[in-house]
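Enquirer:
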Amino acid sequence: MTEHDANAARSVADAATRTVRVDGADLAIRVVGPESRIPLVALIHLGANLDAWDPEVVDALAAERRVILLGYRGVGDSTGRVRDSFDDMAADAIAAIHALGLTRIDLLGLSMGGMVAQAIIQREPDLVRRAVLAGTGPAGGPALTRMTGVMVRGILRSVVLRRPTTSVLFFTGTPAGRRAASAYQERLARSRVDRERAVSPGAIRAQLRAVARWGAQAAPTVPAAVDRVLAFHGDADALVPVANVASLRTLFPDLEAVVVADAGHGVVSQDPTSTTERIRAFLRG
């Protein structure tokens, strides 16, 4: 058992922030849940550090398997210069996974994390058994090059409405969407052992460049080699339009897609109980 295994927490609220050395940088990680044959490596969305993980989502997934929350170079408590391409982010993630002594994993990627997950699969397909992608799109996916504009408008709208930016960008404005957003913010505000440094504007700009490059790439023509893929998408996702689900099918022909009504970019946290039940069932097979 490694040091990280021995120190795994039962809840993400109790998971200390540790680091793994990768090519001159220390990447922040948090390890939650019991040791398992196939751990789940989780990659967060754009503009977020490890504190942005929904604790109800992480704890539910960690109830029966090891979950490793992996940070990005230069973001939060991770050192080094922020990457502005998903290929480079994938290289960091693969190196970190190997440094932890892992040879076979499942992947969970939210939004940008789902794009990095796809790049990991492309670079080292034998590493990944199954993947769960949420609110994401493939290279060349519909409207991905417009994300910067959508994000800026969402930030401005959040200022006018005096609501958290993630509430405006991740959830719909319907009564159900506003309730889900409020519950999500309450969960994120729960106390924990330590918190990472805030994400810098420079890091967000670098990540937006990575999204723009990803969206401008030619769409993949060869299906990716991975056992099974489960995708979640909100039907009202403004940042990554739901049309990206159809585009993902060209890369993953056997894709299992769940499109959630009255849900936005934060689809996994819209109803974390039903979402995590579906993910756990998918990963058990």
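This note's numbering puts the first residue of the sequence shown at 284, with every later residue one more than the last.
Glycine included, each C-beta is placed from N, C-alpha and C at the ideal position.
(1) Starting from Phe453, follow the beta strand (DSSP E) in both directions and report where the run begins and ends.
(2) Could you check the C-alpha separation between Arg406 and Ala373 for me, to the nearest Å?
(3) Restricting to Cα atoms, I'd like to know which of Ala489, Leu353, Asp375 and Leu410 is closest to Ile327.
(4) Taking the straight line between their C-alpha atoms, what separation do you get for Ala508 and Leu390?
(5) At which residues does the beta strand (DSSP E) containing Asp375 begin and terminate?
(6) Hey, how far is the Cα of Val433 from the Cα of His548?
(7) Pick helix, strand or coil for Ser557, following the three-state DSSP scheme.
(8) Note down the Cα distance separating Pro322 from Val443, rounded to an integer number of angstroms.
(9) Per DSSP, Thr302 is paired with what?
(10) Using the DSSP secondary-structure output, state which residues sit across from Glu539 in a beta bridge.
(11) Of all the alpha helix (DSSP H) runs that stay within the bounds of the stretch 324-362, which reach a length of 4 or more residues?
(12) By the DSSP assignment, the beta strand (DSSP E) with Arg413 in it spans what residues?
(13) With the cut-off set at 8 Å, would you say Arg475 and Ala296 are in Cβ contact?
(14) Using a threshold of 7 Å, is the CB atom of Thr556 nearer than that to any non-hydrogen atom of the ligand MG?
(15) Taking the alpha carbon of Arg511 as the reference point, which residue from Arg532, Leu534, Ser394 and Leu538 has its own alpha carbon closest?
(16) According to DSSP, what are the bridge partners of Ile388?
(17) Kindly indicate which three-state DSSP category Met284 falls into: helix, strand or coil?
(18) Can you round the beta-carbon distance between Val551 and Asp518 to whole angstroms, since I take them to be within the 8 Å contact cut?
Expert: Taking the coordinates as given:
(1) Boundaries around Phe453 are those of the alpha helix (DSSP H), Thr448 to Phe453, since no beta strand (DSSP E) includes it.
(2) 8 Å
(3) Leu353
(4) Ala508 and Leu390: Cα-Cα distance of roughly 14 Å.
(5) Careful: Asp375 lies outside any beta strand (DSSP E), inside the alpha helix (DSSP H) at Phe369 to Ala382.
(6) 12 Å
(7) Ser557: helix per DSSP, three-state reduction.
(8) 42 Å
(9) Ala311
(10) Leu513
(11) 338-344
(12) Val411 to Ala417
(13) yes
(14) With respect to the ligand MG, the structure shown offers nothing to examine, as it has no ligands at all.
(15) Leu538
(16) Val411
(17) For Met284, the pLDDT reaches just 36, beneath the cut-off of 50, and the residue's location in the model is therefore unreliable, leaving the point undetermined.
(18) Not confirmed; about 14 Å, so no contact.
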